[in-house]
Amino acid sequence: MASEKQEPTAREFVKGKWTTQEDEKLTEAIAVHGAKKWNSLASKAGLNRNGKSCRLRWVNYLRPNLKRGDMSDQEEDMIIRLHKLLGNRWSLIAGRLPGRTDNEIKNYWNTHLSKKINQKEKQSSNGSNSTIQIPTVDEKPSVADDDRKVHVEMKQECLSSGVGTSAALIKKEVMIDPEDYSNTNINNIDVDDFFNLLHKEPLSWEVPQIP
DNA sequence: AATCCTTGCAACCGCCAATAC
DNA sequence: AGTATTGGCGGTTGCAAGGAT
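Okay, structure coming up:
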């Protein structure tokens with residue numbers, strides 16, 4: 001009475017760690033209904049969780065074909081390359097690493113790689129100028145600017161470091177008309193091509209002196 | 001042995017875009 | 001066309017475990 005119920009539609013959902021029973025319920029429900037309509041799926045599964053929580057649990061933990069455990073050197077190498085290329089676009093980076101989730105890569109970056117790279121940068125700033133200047137993505141560009149930004153950053157990296165100055169890359173750079181970034185051909189070659197080119201070169205923090 | 005500190009990771013939050021109605 | 005709902009993303013937080021003191 002006095003303690004009237006406010007907002008009858010507001011519902012208290014369970015938060016925090018998932019139990020194995022909850023995992024099982026969610027997995028079964030997804031097997032029957034599919035991984036969509038997360039809010040209704042949650043109630044169909046008999047879970048007192050919100051849809052978002054269910055989706056996250058599925059995507060980051062329960063989904064089949066997820067790799068668990070340590071990152072291989074190859075994966076680490078790939079993450080560093082892709083982060084240089086894409087910045088904090090974790091879902092895009094995850095798309096290049098089968099079995100890894102964006103959350104996992106983000107965590108790995110924040111706990112392992114960012115420190116590693118900071119150390120490398122410190123070392124290089126103390127020493128010679130023969131190390132890569134890593135371009136950073138400080139601000140999230142608009143969608144329309146995305147492609148151009150990637151190109152500009154990649155060009156900066158390749159030119160400043162000497163890495164990836166293959167004939168093919170030079171050719172691609174020439175193709176880019178600085179006055180016309182909206183060119184659809186440029187948009188088409190974008191991330192995939194640069195990724196492929198970059199991937200051909202071994203990762204090296206120490207770059208040979210260019211005479 | 002107890003306490004404090006650091007680390008790593010799972011999960012939550014807020015925002016935005018896409019889609020449904 | 002406008003509004004509500006859903007899905008997806010990146011940033012951040014909370015907590016358990018292990019290490020240091």
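Using the working numbering, read the first sequence as starting at 1 and increasing by one per residue. All C-beta atoms in this analysis are idealised placements derived from N, C-alpha and C, irrespective of residue type, glycine included. Computed from a predicted model, the values in this text were never measured in an experiment.
- Considering only Trp109, Glu76, Met71 and Asn39, the residue with the shortest C-alpha distance to cysteine 54 is Asn39.
- Secondary structure note for lysine 84: its alpha helix (DSSP H) is the uninterrupted segment 73-86.
- Straight-line measurement puts the Cα of glycine 99 at about 11 Å from the Cα of glycine 69.
- For glycine 95, the uninterrupted alpha helix (DSSP H) segment begins and ends at 90-95.
- Cβ atoms of arginine 57 and leucine 82 stay farther apart than 8 Å, at about 25 Å.
- By the beta-carbon neighbour count (other beta carbons within 10 angstroms, threshold 16), glycine 46 is exposed.
- With a contact defined as Cβ atoms closer than 8 Å, threonine 111 and leucine 66 miss out at about 19 Å.
- For glutamate 24 and leucine 41, the gap between their C-alpha atoms comes out near 13 Å.
- Here alanine 29 really is in contact with lysine 44; their C-beta atoms are around 5 Å apart, less than 8 Å.
- Of the residues assessed, glycine 87 falls on the buried side of the cut-off, its CB having 16 or more other CB atoms within 10 angstroms.
- The continuous alpha helix (DSSP H) containing alanine 42 extends over residues 38-44.
- When the Cα atoms are used, serine 114 and leucine 85 turn out to be separated by approximately 15 Å.
- Per DSSP, reduced to three states, the secondary structure at glutamate 12 is coil, with no helix or strand assignment.
- Closest in C-alpha terms to isoleucine 105, from the list Met71, Glu12, Gly34 and Lys36, comes Met71.
- Secondary structure of asparagine 103 (DSSP, three-state): helix.
- The residues Leu41 and Lys44, in chain order, have a CB closer than 7 Å to that of histidine 33 in the same chain once the five nearest residues on each side in sequence are set aside.
- A Cβ-Cβ contact shorter than 7 Å links asparagine 60 with asparagine 103.
- Annotated three-state conformation of glycine 69 is coil, per DSSP.
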